[in-house]
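The structure under discussion appears below in the form of structure tokens.
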Amino acid sequence: SPSPSTSLSPSASPSPSPLPSPSEFASVLITEIMYNPASTEDDWEWVEVHNSGSYPVDLSGWVLDDVNSDAHGRANIASGVIPGGHSAILYNADDITAADFTAAWGPDINLIAVTNWYDIRLNNDSDTVSLWSSFSDYSGDHQTHANAHTTVAYDDSGAWPRADGASIYLTDLTADPTDEANWALSELGTPTPLGTGRQSTAAGGNSGNDIGSPAENTPPSPSASPSPSASPPSSSPSASTSPSPSPSTSSSPSASPSPSPSPS
Numbered sequence: 037s038p039s040p041s042t043s044l045s046p047s048a049s050p051s052p053s054p055l056p057s058p059s060e061f062a063s064v065l066i067t068e069i070m071y072n073p074a075s076t077e078d079d080w081e082w083v084e085v086h087n088s089g090s091y092p093v094d095l096s097g098w099v100l101d102d103v104n105s106d107a108h109g110r111a112n113i114a115s116g117v118i119p120g121g122h123s124a125i126l127y128n129a130d131d132i133t134a135a136d137f138t139a140a141w142g143p144d145i146n147l148i149a150v151t152n153w154y155d156i157r158l159n160n161d162s163d164t165v166s167l168w169s170s171f172s173d174y175s176g177d178h179q180t181h182a183n184a185h186t187t188v189a190y191d192d193s194g195a196w197p198r199a200d201g202a203s204i205y206l207t208d209l210t211a212d213p214t215d216e217a218n219w220a221l222s223e224l225g226t227p228t229p230l231g232t233g234r235q236s237t238a239a240g241g242n243s244g245n246d247i248g249s250p251a252e253n254t255p256p257s258p259s260a261s262p263s264p265s266a267s268p269p270s271s272s273p274s275a276s277t278s279p280s281p282s283p284s285t286s287s288s289p290s291a292s293p294s295p296s297p298s299p300s
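In our numbering, the protein residues as written are 37 to 300.
This is the structure:
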């Protein structure tokens, strides 16, 4: 009877295998910033973030902020997931809704609500915007940003593009986002690493004069679904081999004395 108990312990070993949820946070970075929209500020400010990793990243409990004297009292991102290889737009949920943003910028955008945007209010000349992966990392760090997960300190002087009604975007997803030479101004019809520059629509409270390239995520999940469908066929051939075990069972009757172990 002890032998079956050992057979149970191996059966428990498969359960740990579902832990492919590694903290691949390093793959999340800020890739576009609309800090000086032509539409009402700070309603239509937004920040694009990209997950270049293979696994989804859950932003629940993360914090978005800039350098200012007013610290958040709690995490201002309640929920939101970025699938691997996809992006999301962090928008001002205090002043506009997801429906408003969709009306102005179109569908298929992964929108993640950010609250308490009033204490962010991105500066139009220069500012530092960062993401923290937890409130504990953020607490006491809202001015130095030393513990931030990803940071961009933009300016409208030097090599930085001057954003007046348009967003700025990272020109290469593998480039250093802290280097001003790796940022450009969104322009109509100009391709970016994650989309194409376009003008907003006068809808949802937007003026229709903003230019940006918020990533439109074509849903890849359906395209991934066919791959599992390919796995069933592989199991069907295995079923064709299943008849072979039947002869083995015919040999088992010959071993009629062996049934005594089966009760154990």
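Built from N, CA and C at the ideal position, the CB exists for glycine as well.
| Asked | Found |
| --- | --- |
| DSSP bridge partner residues for Arg-234 (one or two, in chain order) | Gly-248 |
| Outcome for Thr-214 when other beta-carbon atoms lying within 10 angstroms are tallied against a minimum of 16 | exposed |
| Coil, strand or helix - Thr-180 by DSSP | coil |
| Residue closest to Ser-170, alpha-carbon to alpha-carbon, out of Gln-179, Arg-157 and His-185 | His-185 |
| Local Cβ density within 10 Å of Asp-102, reported as buried at 16 or more and exposed below that | buried |
| Close beta carbons around Thr-180, own chain, < 6 Å, minus the five adjacent residues each side | none |
| Ala-239 in three-state terms, based on DSSP | coil |
| Where Gly-233 falls, given that 16 or more other Cβ within 10 Å makes a residue buried | buried |
| Per-residue DSSP class, three states only, for Tyr-205 | strand |
| Buried or exposed (CB count within 10 angstroms, at least 16 for buried), Ser-166 | buried |
| Straight-line Cα distance separating Trp-196 from Ser-92 | Going by the sequence as given, residue 92 is Pro instead of Ser. The straight-line gap from Cα to Cα measures roughly 31 Å. |
| Closest residue to Ala-239 among Thr-133, Asn-87, Gly-120 and Gly-176 (Cα-Cα distance) | Thr-133 |
| Residue burial classification, Pro-73 (beta-carbon count within 10 angstroms, cutoff 16) | buried |
| Pairwise C-alpha distance: Asp-173 and Ser-123 | 23 Å |
| 8 Å Cβ cutoff met for Glu-68 and Tyr-205 | yes |
| Proximity to Asn-242 [Cα-Cα], best of Leu-95, Gly-201, Pro-227 and Asp-161 | Gly-201 |
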